[in-house]
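Colleague:
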Amino acid sequence: MLAIIGGSGLTQLSSLENVRREVARTPYGEPSGALTFGSLHGREVIFLARHGYGHTIPPHRVNYRANLWALKTAGAECIVSVASVGGIRPDCTPGALVVPDQILDYTWGRASTFSDGIDALVRHVDFTHPYDENIRRRILSAAREVGEAVIDGGVYATTQGPRLETSAEIDRFERDGADVIGMTGMPEAVLARELELPYAAINVVVNYAAGREASMQGIHLEGIEQVLQEAMLRVRKVLARLCQS
Ligand code: HPA
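Take any residue in the sequence shown, note its place counting from 1, add 9, and you have its number in our numbering.
#1: Where do the ends of the alpha helix (DSSP H) carrying Asp141 lie?
#2: Quick check: the stretch 15 to 33 against the stretch 236 to 246, are there 3 or more CB pairs under 8 angstroms?
#3: Nearest CA to the CA of Gly96: which residue from Asp125, Leu251, Leu173 and Arg202?
#4: Grab the span of the beta strand (DSSP E) containing Leu11 for me, first residue to last.
#5: Taking Pro103 as the reference, give the member of Ser224, Arg245, Val247 and Ala249 with the closest Cα.
#6: Less than 8 angstroms between the CB atoms is what I'm expecting for Pro109 and Val189, so what's the real figure, rounded?
#7: Have a look at Arg98 and Asp128 and give me their C-alpha separation to the nearest angstrom.
#8: Whole angstroms are fine: how far does the CA of Thr116 sit from the CA of Gly15?
#9: Check whether the Cβ atoms of Ala198 and Ile112 lie closer than 7 angstroms to each other.
#10: Taking 6 angstroms as the cut-off, is the CB of Gly38 close to at least one heavy atom of the ligand HPA?
#11: Determine the extent of the beta strand (DSSP E) in which Arg202 is found, giving its start and end residues.
#12: For the stretch 58 to 106, list the beta strand (DSSP E) runs that are entirely contained and at least 3 residues long, ordered along the chain.
#13: For Glu26, which residues does DSSP report across the bridge?
#14: Shorter than 6 angstroms, the distance from the beta carbon of Ser93 to the closest heavy atom of the ligand HPA, or not?
#15: If Arg34 sits next to Leu200, beta carbons under 8 angstroms apart, how far is it from one beta carbon to the other, in whole angstroms?
#16: Please classify Asp180: does DSSP put it in a helix, a strand, or coil?
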């Protein structure tokens, strides 16, 4: 069963049918909200709003471990994450959809492993390729089939947030190789890997990163909402197709 973790702009999947909600408890506490089960084009999916259904949980306070654990326990076999990002690479302009293939992690202080017990065996998971290539391909094919342009590959840099970056930080991340920047990609991706849940992401570029193009003098938050709403219509089309594949 496919699980979808929705970020800003995707706090519910209105096209789900036969919806049922389940409150989940995990050894790591409570997930961001009840899990929503339903069918999308005849396929069972689970949906979870990363920031809560009222969008009240900031990126550094999301209980990523509980979210991933709850989805796995509920029967998720793979995960597609939807998350908004700032664009650093010139072609990652507002409105673009990116299916990233690499990650940089600048977060700190987040519970980022299940391998955390004093007496438990230490596990080092392979994370050379953080996103599952098979799911990436399925997303790219689904997008192609519904005629939505997507950028295949990109380096997703994860910052701590919730503040946005300085332009010097964006310069540094660019030198490090970052193409897009968001606040939630980690530890979500690595926790999925630890649970052996194939995981891939659709990133929605909602603004130029700080100090770039229209964000040269600052990021205009008013413009973001409109880009987000419009782009999420396209993401929903891709997700609907993905469920049919
Ligand atoms: N920076 C970090 N996270 C983001 C941004 C950004 O510019 N836009 C959307 N999420």
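Glycine included, every Cβ here is placed at the ideal spot set by N, Cα and C.
Modeller: In this structure, then:
#1: Taking the first residue of the sequence shown as position 1, residue 141 is located at position 132. Neither: Asp141 is in no alpha helix (DSSP H) and is coded neither H nor E.
#2: yes
#3: Along the sequence shown, read from residue 1 onward, the residue named residue 96 stands at position 87. Closest option to Gly96, Cα to Cα, is Leu173.
#4: On the sequence shown, position 2 is the one that residue 11 refers to. Run containing Leu11: Leu11 to Gly15, per the beta strand (DSSP E) assignment.
#5: Numbered from 1 along the sequence shown, position 94 holds the residue referred to as residue 103. Pro103 has its Cα closest to that of Ser224, out of Ser224, Arg245, Val247 and Ala249.
#6: Taking the first residue of the sequence shown as 1, we reach residue 109 at position 100. Taking the first residue of the sequence shown as 1, we reach residue 189 at position 180. Between Val189 and Pro109 the Cβ distance is about 7 angstroms, and since that is below 8 angstroms, they are a contact.
#7: For this step, residue 98 is matched to residue 89 along the sequence shown. For this step, residue 128 is matched to residue 119 along the sequence shown. Taking the straight line joining both Cα atoms gives about 44 angstroms.
#8: Within the sequence shown, the letter at position 6 stands for residue 15. Within the sequence shown, the letter at position 107 stands for residue 116. Straight-line Cα distance between these residues: approximately 20 angstroms.
#9: Within the sequence shown, numbered from 1, the residue matching residue 198 stands at position 189. Within the sequence shown, numbered from 1, the residue matching residue 112 stands at position 103. Contact: yes.
#10: Taking the sequence shown and counting its residues from 1, the one referred to as residue 38 is at position 29. Not so, every heavy atom of the ligand HPA lies at least 6 angstroms from the Cβ.
#11: Position 193 of the sequence shown, counting from 1, holds the residue named residue 202. Not the beta strand (DSSP E): Arg202 falls in the alpha helix (DSSP H), residues Gly194 to Glu203.
#12: DSSP runs (the beta strand (DSSP E)) wholly in the stretch 58 to 106: 87 to 96.
#13: As a first step, residue 26 is located in the sequence shown; it is residue number 17 there, counting from the start. Ser48, per the DSSP bridge assignment.
#14: Working through the sequence shown from its first residue, we reach residue 93 at position 84. Yes, Cβ of Ser93 sits closer than 6 angstroms to a heavy atom of the ligand HPA.
#15: Reading the sequence shown from its first residue, position 25 is the one you call residue 34. Reading the sequence shown from its first residue, position 191 is the one you call residue 200. Going by Cβ atoms, the distance from Arg34 to Leu200 rounds to 17 angstroms, so no, they are not a contact pair.
#16: Residue mapping note: residue 180 aligns to position 171 of the sequence shown, counting from 1. Helix.
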